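Our numbering applies: residue 1 is where the sequence shown begins, and numbers increase by one.
Note that beta-carbon positions come from the ideal geometry of N, C-alpha and C, so glycine has one too.
Computed from a predicted structure; not experimentally measured.
Remarks on the structure that follows.
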Amino acid sequence: MIKVPGVIIKSKFKLPQATRRARRYTTYLNYIDRPETKARTHQFENYHDYMEDELKSSGLFTATQDRLNATEREQLRDIFRRAQENGSILWQDVISFDEAWLQEVGVKENRYIDEQRLMQATRNATALMIEKEQMLHATWTAAIHYNTDNIHVHVATVETIHPRERGKRKPKTIEKMKVQVVHTLADRTREQEKLNTFIREEVLAHKRNRSTTSASNRILHPELVRQYKTIQKQLPDDKRQWYYNMNGMHELRPSLNQFTDTYLATYFEKEHSEFKQQLDTEVAFYERSYGSASQASAYRKTKEQDLYTRMGNAILCEMRESSKPPRKVAKTVASSPKQRIRSAFRRERIMQETLYRIGRHMNDEWDHIKNQRAFEQLEQEVQHER
């Protein structure tokens, strides 16, 4: 049985009309507050009346205000009326929630609804929509409704200056609005950070601090070393291609992925199993929230590919480093005639000092020999006189 998506967004728009009998944007405001006015007026601002109906709605809220008083509501209606007169399109969005999903993420508990979180989710999604669609002069209002099986939020948006002629928005914008709503109501940052920590701070850190061809690996894990050397022998001559996503690595990516699998099985068997379980949980939540198995599958593939890409680059980095020739001490070479002259004078001075020391040593030695001979001759004369 397929579960209802946690969040659904439906969108439509109304064009401003010049004829007297045309619907006005205030009708949409009435539509979300007082339904009895819908049949009698065609003004855009009257849509607020339906949105604000006390029997079904929490009341109007905006980007900055949780509740509007009578004066503020009338000012908002005037903005919508003038927007229609200036030719603005009226965008109507409905963000609908599965109540079981709201309970799962803690927004609904028994009969209590956390309206603040619903309003913040609406604000974040609408702000993103305005940014992505470049609606520089947009004004919007919204209200939370409880009159159907599913709690939902009506959002009405107009442009007050420089209105555009086309009302259709990019499908990606609507999808990103949905993502923003889910992220606001069910922040999975902590859970997803666990996946990133395993990849970046455990596996990669371990790999960077351990040589694949170390003596311990050659003895204990020869298969790991064999795979490493096999890949190394097949690398292209151009070292600029030695990165996982480069075209030159296309044929070697399966081998790099296999090395990663072997590495994980060797050093992180338990941790990798926990990683996959956590990934299964996130994929299930993704599918539950958005109602799309293909998008959930894409999330899994993206996260797994992140692991293979980062590990592949770490392996190739090690191979680049091991392929570098030993560093040689560079010889000092004079780069100008003046430097060569100075070097020559310096060598000459050193040679003269050396010769001086040698000569002085030889002279001292010669004096010592002459003194020794004179002493020996004097000693012989003394012995002779005795």
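Straight-line Cα distance separating residue j from residue i
i    : j    : result
S294 : R123 : 28 angstroms
G6   : L195 : 23 angstroms
F190 : D237 : Here residue 190 turns out to be Arg, not Phe, going by the sequence shown. Straight-line Cα distance between these residues: approximately 43 angstroms.
R320 : T302 : 26 angstroms
A334 : L220 : Residue confidence is low: A334 scores 48 on pLDDT, short of 50, so the model does not pin down where it sits. No coordinate-derived value is stated.
L136 : F61  : 20 angstroms
V179 : V105 : 15 angstroms
Q103 : E109 : 6 angstroms
G291 : V4   : 7 angstroms
Q192 : Q92  : 33 angstroms
V170 : P325 : For the sequence presented, residue 170 should be read as Lys rather than Val. Cα to Cα, the separation comes out at about 54 angstroms.
D280 : Q75  : 50 angstroms
S289 : K270 : 29 angstroms
Closest by C-alpha distance to residue i, when choosing among the options
i    : options                : result
V153 : F97, R111, D66         : F97
G87  : P325, F44, I199        : F44
W101 : T71, R200, F285        : F285
S323 : Q232, E271, Y290       : Q232
P222 : R73, T262, T197        : T262
D78  : T139, K207, E175, R218 : T139
V266 : R288, P171, V203       : As written in the sequence, residue 266 is Thr, which differs from the Val given in the question. The candidate whose alpha carbon is nearest that of T266 is V203.
E287 : H272, M311, V182       : V182
L15  : P163, R188, F268, Q278 : P163
E165 : E304, F13, R210        : F13
Within 9 angstroms, strictly: CB atoms of residue i and residue j
i    : j    : result
E282 : Y299 : yes
I199 : D66  : no
Q132 : T173 : Note on residue identity: the sequence assigns Lys, not Gln, to residue 132. Contact flag set, yes.
V155 : I95  : yes
A121 : M51  : no
I144 : S11  : no
R117 : T64  : no
Q234 : S214 : no
M311 : F275 : no
I9   : A125 : yes
8 angstroms CB neighbourhood of residue i in its chain, flanking five on each side removed
i    : result
T212 : L224, V225, Y228, I315, E318
S297 : V283
Close beta carbons around residue i, own chain, < 7 angstroms, minus the five adjacent residues each side
i    : result
R40  : Because the pLDDT of R40 is 38, which lies under 50, any placement of that residue in the model is unreliable, and the number read from its coordinates should be weighed accordingly. Excluding positions up to five away in sequence, the list is empty.
N313 : Y243, Y244
R218 : V225
E99  : K108, N150, I151
K176 : L128, K132
Contact set for residue i: own chain, Cβ-Cβ below 6 angstroms, skip 5 residues either direction
i    : result
A83  : V158, T160
G248 : P236, Q241
Going residue by residue through the region 123-158, where are the continuous beta strand (DSSP E) segments of at least 3 residues, counting only ones entirely within it? 138-145
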